[in-house]
Amino acid sequence: MLRLLGLCLALPLFAGSQEEAQSWGDTAEQIGLRVPRQLRLLQRLKTKPLMTEFSVKSTIISRYAFTTVSCRMLNRASEDQDIEFQMQIPAAAFITNFTMIVGDNVYQGEITEKEKKSRDRINEKRNTTTDNNEEKGTDTFRASLVIPSKDKAAFFLSYEELLQRRLGKYEHVISVRPQQLAGRLTVDVNILERSGLTSLEVLPLLNSRQKGSGKGEDDSGPPPSTVINKNETFANIVFKPSVVQQAKIAQNGILGDFIIRYDVKREQSIGDIQVLNGYFVHYFAPKDLPPLPKNVVFVLDISASMVGAKLRQTREALVTILHDLRPQDRFNIIGFSNRIKVWKDRLIPVTPENVRDGKLYIFHLSPTGGTDINGALQTAIRLLNDYVTHNDIEDRSVSLVVFLTDGKPTFGETSTPKILSNTKEATQGQICIFTVGIGNDVDYKLLEKLSLENCGLTRRVREEENAGAQLIGFYDEIRTPLLSDIHIDYPPALVEHATKTLFPNYFNGSEIVIAGKLVDRKLDQLHVEVTASNSKKFLILKTDVPVEPQKVGNDITGSPRPKGDGEEDSNHIERLWSYLTVKELLSSWLQSNNRQEKEQLRQKAQALAMSYRFLTPFTSMRLRKPDLHTDTLDDPRGMSAVTGPATVVQSLLGTGMQPEPSLKKPHDPRIKISKTSVDGDPHFVVDFPSNKLTVCFNIDGEPGDILRLVSDHMDSGVTVNGELIGAPAPPNGHKKQRTYFRTITILINKPQRSYLEITPNRVILDGGDRLVLPCNQSVVVGSWGLEVSVSANANITVTIQSTIAFVILIHLYKKPAPFQRNHLGFYISNSKGLSRNCHGLLGQFLNQEAKLTEESTAYSRNHTVNPLHPQAGGGTSETVLKVKGHHVPVVWKQRKIYNGEEQIDCWFAKNNAAKLIDGDYKDYLAAHPFDTETTLGMSRRSETGSRKDGSP
């Protein structure tokens, strides 16, 4: 039985990641019928569903964050049990995917249209506290199910969000509250900012206000076990506490919020404009401008419900704010209950005397009566309008209302639509209203609409939080207006579907973001013009931004979101555009009072959310029931079902790879593949099919050597290395020792980095999260263009974007002789996706031409030798192979491949292939299993184009 809770939340998503747990736990102890009560309690504790893994993977690209949460549970009990997965996610995020795996059944989430009749109920739920774990600025996603005895379950939740800049920093918050100590807990965050990173910091865990949570021993810096690696444009942050470290923070598993703050380098001009595949984003955050004067009225609720800590904290916060006002600002103070108490009849300048008198007035306000929200707002707006109308203001200024309340309208005008219309009519778009709602009884929807309709922002302060601290933090965001009346224009003939381009104000430390589509993808440059008011002058910025060549389908985010058959893959800028557009449509729908207009906005928002798979108030999520046969499960989201053990591999935030329509069955162990290979001790074979020619050679390495087999890191992004293991030579043999490949490592760097480590016993797939596959069970795992297929104790096939395929044969011995070792053979079955610049012991011969000639030792005459008849090269001549400009003496030989099942004819190059390969043996030694550095390929790269077939 499955139950989904919290899916009514309008939240975002991305792709899933997970790792095979090494152990799902021990079986529960069987206890007799007569046991003491303490032991029965111990039994219940032991059989509580065990969380074997809790991991969060985030990738932030140009402020746009893709986050995936993975959780694995094991029911150790002898009976079925209820388990619940819950995750707090940022309120601004959109959920994009949710998947559950129960045993071998995969339940895939699907975004569907929501019926109109349930929309209002859903919206209401979004703003209701449904769980005491809900925190400021977050929503809680929950899903529960019944898991069978001794079985396991896994949950994968993905969401997306655009990080907002506040007080000069972007803040990425990850909730780490697994509700119990996790066997393996990991938070892994990658940040990629093209313009450059500055001031990266990881804060101490922000503790939950729940009981049982606590701080670690050292709260002066990042949480224990946090590792930070960064360069100018990239940062990787990993938080991986052990169970002991988790227990020191909070024994109940509620560790708190893992918070990363950073900023980016920016120009002081028109901002940062990025373009990818026909979409653009414009980040505008000017600095070093003189601040605009503020006309501000502070409106404080002093009704009876504010008595106690709330009023005391807000008084203290307002006193702090008054001291922060600048000499050019004007201010006033209103206290309201069922009566409106105005400090002064007009706005007054900021002087030490006026600030002192304002402080005294605030402390003399006493709580009593009801709540006249409409009357207080009308009075504040009238004060601001009167000041602007009756004063010859030389400097341009910004008029603000900072409105704070803890309740609902109970006196005067109490109708929400009427209050909203009265306020909008009074402000005339010239006054911005910033609202703060305190406690659980506040009419947050009213405050939200007041701010939305009047160019402001809103914040919610929970009952248990410090209202004063929240108010000061909120005010800090708006304390320094730098620009007003901002217009950002692009040529209409070149840009379409741009998000909002008119902004009433820009406050220091924030950021304006616009995204849109380019009409012409081949555009060389984009003209941008920004106009705004700054104090005494009118600011105009103009520039032509160069547009880099478009790379269709090269999505560095790897966001696995196909838009439909025949359409292109999306990229992070396109998804950012869709995110902003949906947000603006939802905001417009919320503000609109016209039924027909609201319906049009609803349809547009719903269509776009469906296209990009966003969970919004107008879409819903349903779990698709698993098919009867998991190996044919349709997988449009990049999650592949498996045969054998229940495993799943994340999209690894991969690239714009196309999803496979269904999973293939594991390869037949006896399948015949390309001859190009290295196997045995180790024997290399290179096939030149167009020349009907096969070449072979040996490499006598040392145990522990790591050989470069395929090096195409700069082009296709693929590198294959092999590590040798030693064994004694057979008796009476000509060799002193044998060497075999015990490990094959494959690094896939494009479009998203992932690692494969293959041994005769297991396969480790690591794309940020680690997946371990045993080689004694047949299994297929796939993830958006990367597929790993294990045929039990026979072979492993690795397919990359359907254009590159490697087969690794597994050689196992039940009773090995002293000179035998379990080892691997490496075969290249598809090399279409590898470039002409590919190198390595095998890779250098791919896409090359070769031919044989017979060179006479007496007359130096050359003529072609038929490779099918090696006898033709007899007499006083020697057979020479010409390939890549090399002249290599070769002899005819027979060699067995495919685990000895097939014998082939080949031309053998002696002496460790000294004249055949570029450089010598030592040039192919790697420093470590995933080493990609090579110099040989660079010379070949420079020669590409001047030589087509390798001939002189």
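Using the working numbering, the first residue of the sequence shown is number 164, and each one after it goes up by one. Every residue gets a Cβ at the ideal spot worked out from N, C-alpha and C, and that includes glycine.
Between I862 and L872 a beta carbon distance of about 10 angstroms is seen, past the 8 angstroms cut, so the two are scored as non-contacting. Under the 8 angstroms Cβ criterion, the region 458-474 counts as touching the region 530-544, having at least three qualifying pairs. When the Cα atoms are used, L704 and L686 turn out to be separated by approximately 21 angstroms.
If you check the CB distance, T664 and D683 do not come in under 9 angstroms.
Taking every protein chain shown into account, the CB of Y976 has fewer than 16 other CB atoms within 10 angstroms, so this residue is exposed. P654 has its alpha-carbon roughly 48 angstroms from the corresponding atom of N629. According to the DSSP assignment, P515 belongs to the alpha helix (DSSP H) that extends over P515 to H527. Under DSSP, S783 forms a beta bridge with T275.
Collapsing the DSSP output to three states places F904 in a strand. In the structure shown, the three-state DSSP call for M877 is coil.
If you check the CB distance, H876 and T590 do not come in under 9 angstroms. The Cβ neighbour count for K612, taken over all protein chains shown within 10 Å, is at least 16; the residue is labelled buried. Take the alpha-carbon of L949 and the one of L972: they are about 19 angstroms apart.
By the Cβ neighbour-count rule, S853 is exposed, with fewer than 16 other Cβ atoms within 10 Å of its own. F397 is classed as exposed because its beta carbon has fewer than 16 other beta carbons within 10 Å across all chains shown. The continuous alpha helix (DSSP H) containing T579 extends over residues T579 to T590.
Contact between V1053 and W1070 is confirmed by a C-beta separation of about 4 angstroms, below the 8 angstroms threshold. Approximately 5 angstroms separates the beta-carbon atoms of F566 and T598; this is inside 8 angstroms, confirming the contact. Using a Cβ distance threshold of 9 angstroms, G885 and T857 do not count as a contacting pair. Within a 10 Å sphere around the beta-carbon of A1089 sit 16 or more other beta-carbons, which makes this residue buried. A direct Cα-to-Cα measurement between R509 and F261 gives close to 55 angstroms. The three-state secondary structure of Y550, taken from DSSP, is helix. For W1070, the uninterrupted beta strand (DSSP E) run begins and ends at E1065 to A1072, by DSSP. Secondary structure note for V970: its beta strand (DSSP E) is the uninterrupted segment I967 to H974.
With distances taken between CA atoms, T906 lies nearest to L987 out of R424, L987, K522 and T782. Between Y442 and N734, the CB-CB gap stays under 9 angstroms. Proximity to S560 across T215, L481 and L455 peaks at L455, based on C-alpha coordinates.
Of the residues assessed, A413 falls on the buried side of the cut-off, its CB having 16 or more other CB atoms within 10 angstroms.
Here I888 is near R984, since their CB atoms are less than 9 angstroms apart. By the Cβ neighbour-count rule, K1059 is exposed, with fewer than 16 other Cβ atoms within 10 Å of its own. I484: not part of any beta strand (DSSP E); member of the alpha helix (DSSP H) spanning A472 to D487, first to last residue.
The region 221-237 makes contact with the region 315-333, as at least three CB pairs between them are under 8 angstroms.
When the beta-carbon positions are compared, A1013 and C859 stay at least 9 angstroms from each other.
When secondary structure is reduced to three states using DSSP, W752 falls in the helix class. Using a Cβ distance threshold of 9 angstroms, K1078 and V1051 count as a contacting pair.
The region 271-279 makes contact with the region 764-780, as at least three CB pairs between them are under 8 angstroms.
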